[in-house]
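Residue numbers (the UniProt record's numbering): 1 to 268.
Just so it is clear, CB atoms sit at the ideal spot from N, CA and C, and this is done for glycine as well.
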Amino acid sequence: MSVMAATFVRNWRITLRAYPWTYFVGTLATGVLTIGVSMLAYRAIGGGRVGASFTAATGSADYLGYVTVGAAALTFTTRMVLWVAKAQITEYREGTLESQLLTPARRLPYLLGVTAQALSTTAVEITVLVAVATALGVRLTVADPLTLLAATVAATVAVVGMSVPLSALMLAAGEAHITQNTLFTAMALLCGFTFPTSYLPDAARWLGEALPVTWALRVLRAATLPGTDVDPWPAFAVCVVLGGAYLLLGLSILDPAERRALHRSARA
């Protein structure tokens, strides 16, 4: 717990002193543009109506609410992955990874500290995004706060579970941008942020089902879109199991990846 708290405090101090506000603007702009373009297409092209296939696939005719929840979830996912997955390679680039490895602290409490700080920062960004969407006329309701809490837990487990293996891959490869952007592109296509996954070919749909973010998004939509044809609790259970499996895999390959990064640094 002390490692987690110390990491949380350290990262907040860094954020307060040297927060790149361009990240905030870029994050907000991406989400707002997604909602704005969808709103324009819905009204100018769709005439304010959705097709029967969309209603059948989602259990709801609220297209703008569907897209807004997806845009907020995609923002949450990408921002959290950026914070958590890049934590170790940032230590490596700054020359502090070796010092970190020499400490008796375990990796999981450190990563949980990074996650806690990332959650607090990302929550502000999501709040602003939802406020802008509300100003544009989108209306979201929370019929069951418990389901919304479960969705938040599921989303956190999902992104942490996927971030740790990604962190190991970044360290092993000594590269971050191509690796993370490949994951972001795959998630945006496969997880159903802006359209139902049933629209995908079977092979792509099954790939999406293997990602815990897909299941977390279903819980979130069940909490915020009345009438959505999703039972949140089985989806929550699948998300937690998948996220836990990804996390265990990531922790098992993180140590070899750290050693590979240090060997590469020593040869240089």
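To which residues of the same chain is residue i closer than 6 angstroms at the C-beta, ignoring the five residues directly before and after it?
i    : result
A172 : A257, R260
A154 : A216, V219, F236, C239
L112 : M4
T68  : I35, A133, V138
G70  : F193, T194
Starting from the C-beta of residue i, find all residues in its chain whose C-beta is less than 7 angstroms away, skip the five residues before and the five after it, and write them out in chain order.
i    : result
G48  : Y42
R107 : L251, L254
A85  : S163, L166, S167, M170, Q180
R264 : G174
T228 : T58, G59, S60, R221, A222
M39  : L64, L136
Can you tell me whether DSSP reads residue i as helix, strand or coil?
i    : result
C191 : coil
A105 : coil
R13  : helix
R221 : helix
L33  : helix
D255 : helix
T127 : helix
E94  : coil
Which residue comes first and which comes last in the alpha helix (DSSP H) that contains residue i?
i    : result
A85  : 63 to 85
R205 : 202 to 209
S53  : 52 to 58
For residue i, which residues in the same chain have their Cβ closer than 8 angstroms to its Cβ, ignoring the five residues on either side in sequence?
i    : result
P196 : F54, A57, T58
L101 : E258, L262
- Item | Inter-stretch contact (C-beta, 8 angstroms, three-pair minimum) for the region 198 to 212 and the region 126 to 134 | The region 198 to 212 makes no contact with the region 126 to 134, as fewer than three CB pairs between them are under 8 angstroms.
- Task: Would you be able to state if there are at least three C-beta pairs under 8 angstroms between the region 85 to 101 and the region 168 to 184?
- Result: Taking a cut-off of 8 angstroms on C-beta distances, the region 168 to 184 touches the region 85 to 101, as three or more cross pairs fall below it.
- Message: Whether or not the region 113 to 120 and the region 8 to 20 are in contact is what I'm after, with contact meaning three or more pairs of Cβ atoms, one per stretch, closer than 8 angstroms; do they touch?
- Response: Segment contact: the region 8 to 20 against the region 113 to 120, three or more CB-CB distances shorter than 8 angstroms; contact assigned.
- Inter-stretch contact at 8 angstroms, needing at least 3 Cβ pairs: the region 73 to 83 / the region 24 to 33: When Cβ pairs closer than 8 angstroms are counted between the two stretches, the region 73 to 83 is seen to touch the region 24 to 33, the count reaching three or more.
- Message: In chain order, what are the residue ranges of uninterrupted alpha helix (DSSP H) at least 4 long that sit wholly in the region 139 to 174?
- Response: With a minimum length of 4 residues, the continuous alpha helix (DSSP H) runs that stay inside the region 139 to 174 are 145 to 173.
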